[in-house]
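Chains as they are written, first to last, in the working numbering: chain A, 2 to 206; chain B, 34 to 134.
(1) Over the uninterrupted alpha helix (DSSP H) stretch that includes residue 116(A), give me the two end residues.
(2) Hey, residue 114(A) and residue 153(A): beta-carbon distance below 8 Å or not?
(3) Given this structure, state the Cα-to-Cα distance separating residue 92(A) from residue 49(A), to the nearest angstrom.
(4) What span of residues does the beta strand (DSSP E) with residue 173(A) cover, start to end?
(5) If you follow the alpha helix (DSSP H) that residue 153(A) is part of, which residue opens it and which one closes it?
(6) Beta-carbon within less than 7 Å of residue 122(A)'s beta-carbon, same chain only, minus the 5 sequence neighbours each way: which residues are those?
(7) Determine, for residue 152(A), whether the minimum Cβ-Cβ distance to residues of chain B falls below 8 Å.
(8) If we count the other Cβ atoms within 10 Å of its Cβ and call it buried at 16 or more, is residue 130(A) buried or exposed?
(9) Which word fits residue 122(B), buried or exposed, when buried means at least 16 other C-beta atoms lie within 10 angstroms of its C-beta?
(10) If you compare alpha carbons, which of 57(B), 41(B), 124(B), 37(B) is closest to residue 90(B)?
(11) In chain A, which residues lie less than 8 Å from residue 99(B) when you measure between Cβ atoms?
(12) Do residue 108(B) and residue 24(A) come within 8 Å of each other at the CB atom, strictly closer than that value?
(13) Evaluate residue 106(B) with the Cβ neighbour count: other Cβ atoms within 10 Å of its Cβ, from every protein chain shown; 16 or more gives buried, anything less gives exposed.
(14) Taking residue 128(B) as the reference, give the member of 160(A), 44(A), 87(A) with the closest Cα.
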């Protein structure tokens, strides 16, 4: 059975079906991250000091515990990956499959760099014996950045498929393949967008 | 693809590069503001303001919301309403408890 409206827009919605589906999925993602985000605000409203006491030391700022330079670098890496992702789609629109491979490859590379930096960040915390169970601050930090990290891994799997075996579709149905890259991009930009809000609110204030 | 559409995409690419530059500059501004050591509420407001501008740029240009169909906006409007309701619920519960004690 053929799935309808993979290329042509549906008359009543004006968009191809997968785009509507991904936007609905992203709406549910907003609620997922939004719930945790409001929990974070709630935790902060309930205490006098944040991050507060950890291992007998009182901390006045999150940046005294977290590594701001590494997180800033990661912000830049993720923003750059968003640009290469949209360039991958634009390359397909210009019928430049070679450029697509290059830009999608760079997007995947940037996603991997983000995870490697995150690994160093996490192992520094865990190496100092700082675990989610030690304080509300660490709990919400690990939960929010961890959930975001899982989203990066999910995006890498999808993008990796479209860079590798999934890219065969360019030969048989280039229009549908271009649409697939557009909506994979919507997800990837959303992951970038979440980080744009997480970075200042968790690391900087 | 026609030459006109091709030229159109090339115009898009220039926009993407400009947005990238703006996002990078705003990231530096975000970090710079943190060194002013503002107290919690002003710091939160400034951080959210800059993040909203950055998020807006990503959504408008990278996610193509500037030229999207009406149905997508309806989904987003409903999302914003539910999101706002959930967000208000927590501080409202907090204020309620604080007032009751």
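No residue lacks a Cβ here, since even glycine has one placed at the ideal position from N, Cα and C.
Here the structure is a predicted model, which is why all the values come from computation and not from measurement.
From the atom records:
(1) Position 115 of the first chain holds residue 116(A). Taken as a continuous stretch (DSSP letters only), the alpha helix (DSSP H) holding residue 116(A) covers 98-128.
(2) Indexing the first chain from 1 puts residue 114(A) at position 113. Indexing the first chain from 1 puts residue 153(A) at position 152. No, they are not a contact pair.
(3) Here residue 92(A) corresponds to residue number 91 of the first chain, with the count starting at 1. Here residue 49(A) corresponds to residue number 48 of the first chain, with the count starting at 1. Those two C-alpha atoms are separated by around 52 Å.
(4) What you label residue 173(A) is simply residue 172 of the first chain in a count that begins at 1. Segment 170-173 is the alpha helix (DSSP H) holding residue 173(A); no beta strand (DSSP E) there.
(5) On the first chain, position 152 is the one that residue 153(A) refers to. That run of the alpha helix (DSSP H) goes 137-164.
(6) For the purposes of this step, residue 122(A) is taken as the residue at position 121 of the first chain. The residues are 68, 71.
(7) Your numbering for residue 152(A) matches position 151 in the first chain. No, no contact with chain B.
(8) Here residue 130(A) is taken as the residue at index 129 of the first chain, counted from 1. Residue 130(A) should be labelled exposed.
(9) Looking up residue 122(B) in the second chain gives position 89. Exposed, since its Cβ has fewer than 16 Cβ neighbours within 10 Å.
(10) The sequence position of residue 90(B) within the second chain is 57, counting from 1. When each option's Cα is compared against that of residue 90(B), the closest is 57(B).
(11) Within the second chain, residue 99(B) is the residue found at index 66, counting from 1. Within 8 Å Cβ-Cβ: nothing; residue 99(B) doesn't reach chain A, min ~13 Å.
(12) To locate residue 24(A), count along the first chain from 1; it is residue 23. To locate residue 108(B), count along the second chain from 1; it is residue 75. A contact, by the Cβ cut-off of 8 Å.
(13) Translated into the one-based positions of the second chain, residue 106(B) becomes position 73. Exposed is the call here.
(14) As a first step, residue 128(B) must be located in the second chain, where it is residue number 95. With distances taken between Cα atoms, residue 128(B) lies closest to 44(A).
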